[in-house]
């Protein structure tokens, strides 16, 4: 039987020192990003898992929980963290927070850093919940964790989410019922978010159910705020679309701005819908139509789930909270455009 890979093996594979590998595992934020990527690649290649269980056996509960989200620039995650902190305060717990910036390669280092701060458990939003070395590590080491926003297919993971596919289906269905037949999905990159892929699947299912055969897709970075160039062909090309379903509200707001840059009105010329239900969507003109997630409640539920796992009073389970469509004004009836205005 082959021996279990060691930190020395990772150092040899990456061409770096053992000390550097140790710093990447224990304090990734203190190491240059290219070095972190090299070490993470070597660990993945060797199937190396940091040995954290021995350290944890020496610990007592610290009444501290770790939280990893992709970013706090998107209000949907900030609001969920607010819910986590409210529940934590009521339970007398401390929250340690970090982010991955939608970079899957940063997730293992971020989680290792939280574990090195002796958290009792973790609440995580990951790039891909069903194929992720972080999940494999936490399950192997029996570390309590709850996924938030992720909607895994496997049943042995605790998770709080909404039905991502159905959320996108419902937004697309509203447009279809108002006469739109040429629709596009504006989605965050699938490799950074399994939620984005699930929402695209729901969008495609809505089109298939309506007998629409050609879904359009534009993938962009989640931090993208300028969609003028990425949406040029969809808004001004020979086969323009009249409806944009966006995988997040932030992308929907950027899409509305792109429409205006081309002299198009929303919803007169193009209907736009989002998913999340962030409060700023209700403050723009037109008011954004969105599939609203109960984000703050999801955070509270995730912390309550985690407490049960830490104390051994509950087993992992998934919970889908209901979403609803907001009464926005950014989706209107289909109206044929006589010409493209630039």
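Residue numbers (the UniProt record's numbering): 1 to 342. Heads up, the beta-carbon is just placed ideally off N, CA and C, and yes, glycines get one too. Bear in mind the structure is a predicted one, so any value in this text is a computation, not a measurement.
* Can you find a CB in chain D that lies within less than 8 Å of the CB of residue 308? -> In summary, chain D is missing from the structure at hand, where a single protein chain is found.
* **Spatial distance of residue 281 from residue 289 (CA atoms)** => Taking the CA atoms as reference points, residue 281 sits about 8 Å from residue 289.
* Asked: Between which two residues does the beta strand (DSSP E) containing residue 94 stretch?
  -> Counted as a single uninterrupted DSSP element, the beta strand (DSSP E) harbouring residue 94 occupies residues 94-99.
* Flag this pair as touching only if the stretch 304-315 and the stretch 184-198 have three or more C-beta atom pairs under 8 Å; answer yes or no. => Fewer than three Cβ pairs drawn from the stretch 304-315 and the stretch 184-198 lie within less than 8 Å of each other, which leaves the two stretches out of contact.
* Asked: In its own chain, which residues sit with a C-beta less than 8 Å from the C-beta of residue 296, not counting the 5 before and 5 after it?
  -> Closer than 8 Å at Cβ, skipping near neighbours: 79, 80, 82, 83 and 86.
* **Span of the alpha helix (DSSP H) around residue 203** => 194-209 is the span of the alpha helix (DSSP H), which, as asked, contains residue 203.
* Look up residue 290 in the DSSP assignment and say whether it is helix, strand or coil. => Look at residue 290 here: in three-state DSSP terms it is strand.
* To do: Can you check DSSP and say which residues form a bridge with residue 330?
  => In the DSSP assignment, residue 330 forms no beta bridge with any residue.
* Asked: Within this structure, are the beta carbons of residue 230 and residue 245 separated by less than 8 Å?
  -> No Cβ-Cβ contact shorter than 8 Å links residue 230 with residue 245.
* To do: Classify residue 208 as buried or exposed, calling it buried when 16 or more other Cβ atoms lie within 10 Å of its own Cβ.
  => Its Cβ having fewer than 16 others within 10 Å, residue 208 is exposed.
* **6 Å CB neighbourhood of residue 56 in its chain, flanking five on each side removed** => Because residue 56 sits at a pLDDT of 49, beneath the cut-off of 50, its placement in the model cannot be relied upon, and the following sentence gives the value as read from the coordinates. Cβ within range, chain order: n/a, list empty.
* Same chain only: Cβ atoms within 6 Å of residue 210, ignoring 5 sequence neighbours per side -> If we look at residue 210 and ignore the five residues flanking it on each side, its Cβ neighbours are 176.
* Would you kindly check if the distance between the Cβ of residue 134 and the Cβ of residue 323 is under 8 Å? => Cβ distance not < 8 Å, so residue 323 and residue 134 don't count as in contact.
* For residue 227, the first and last residue of its enclosing beta strand (DSSP E) -> Here residue 227 belongs to no beta strand (DSSP E), and DSSP marks it neither H nor E.
* Three-state secondary structure assigned by DSSP to residue 35 -> Helix, per DSSP.
* Identify the residues that DSSP records as bridge partners of residue 145: which are they? -> 122.
* List the endpoints of the continuous beta strand (DSSP E) containing residue 218. => For residue 218, the enclosing beta strand (DSSP E) has its first and last residue at 216-220.
* To do: Take residue 255 as the anchor and find which of 272, 154 and 77 has the nearest alpha-carbon.
  => Residue 272 is the option with its Cα nearest to residue 255.
* Provide the residue(s) that pair with residue 273 in DSSP beta bridges, ordered along the chain. => In DSSP, residue 273 forms a bridge with 245 and 289.
* Asked: Taking three-plus beta-carbon pairs below 8 Å as touching, is the stretch 9-17 in contact with the stretch 95-105?
  -> Too few Cβ pairs lie closer than 8 Å, so no.
* Does DSSP classify residue 90 as helix, strand or coil? -> DSSP, reduced to helix, strand and coil, places residue 90 within a helical segment of the structure shown.
* Compare the beta carbon distance of residue 75 and residue 48 with 8 Å and say whether it is the shorter of the two. => It is not a contact, given that the beta carbons lie outside the stated cut-off.
* **Reduced DSSP category for residue 160 - H, G, I as helix; E, B as strand; rest coil** => Three-state result, residue 160: strand.
* Mind checking residue 90: buried by the 16 CB within 10 Å criterion, or exposed? -> Result: exposed.
* Could you please give me the residues that DSSP links to residue 188 through a beta bridge? => Its beta-bridge partners are 220.
* To do: State yes or no: is the C-beta of residue 186 within less than 8 Å of the C-beta of residue 251?
  => It is a contact, given that the beta carbons lie within the stated cut-off.
* To do: Using beta-carbon positions only, say whether residue 165 and residue 136 come within less than 8 Å of one another.
  => Judged by their CB atoms, residue 165 and residue 136 are not nearer to each other than the 8 Å cut-off.
* Asked: Hey, out of 247, 68, 329 and 34, whose CA is closest to residue 188's CA?
  -> For the residues 247, 68, 329 and 34, the minimum Cα distance to residue 188 belongs to 247.
* **Close beta carbons around residue 239, own chain, < 8 Å, minus the five adjacent residues each side** => Excluding residues within five positions, the ones whose Cβ falls inside 8 Å are 182.
* To do: Identify the continuous alpha helix (DSSP H) that holds residue 66 and give its terminal residues.
  => Counting along the chain, residue 66 falls outside any alpha helix (DSSP H), though it belongs to the beta strand (DSSP E) covering 64-69.
* Bridge partners - residue 183, DSSP secondary structure assignment -> Partner residues in the beta bridge of residue 183, as assigned by DSSP, are 243.
* Out of 279, 73, 311 and 106, state which residue places its alpha-carbon closest to the alpha-carbon of residue 28. => If we check each option's Cα against that of residue 28, 106 comes out closest.
* CA nearest to the CA of residue 139, picked from 150, 121 and 148 -> Sorting 150, 121 and 148 by C-alpha distance to the C-alpha of residue 139 places 121 at the top.
* So who's on the other strand from residue 318, going by DSSP bridges? -> Partner(s): 159.
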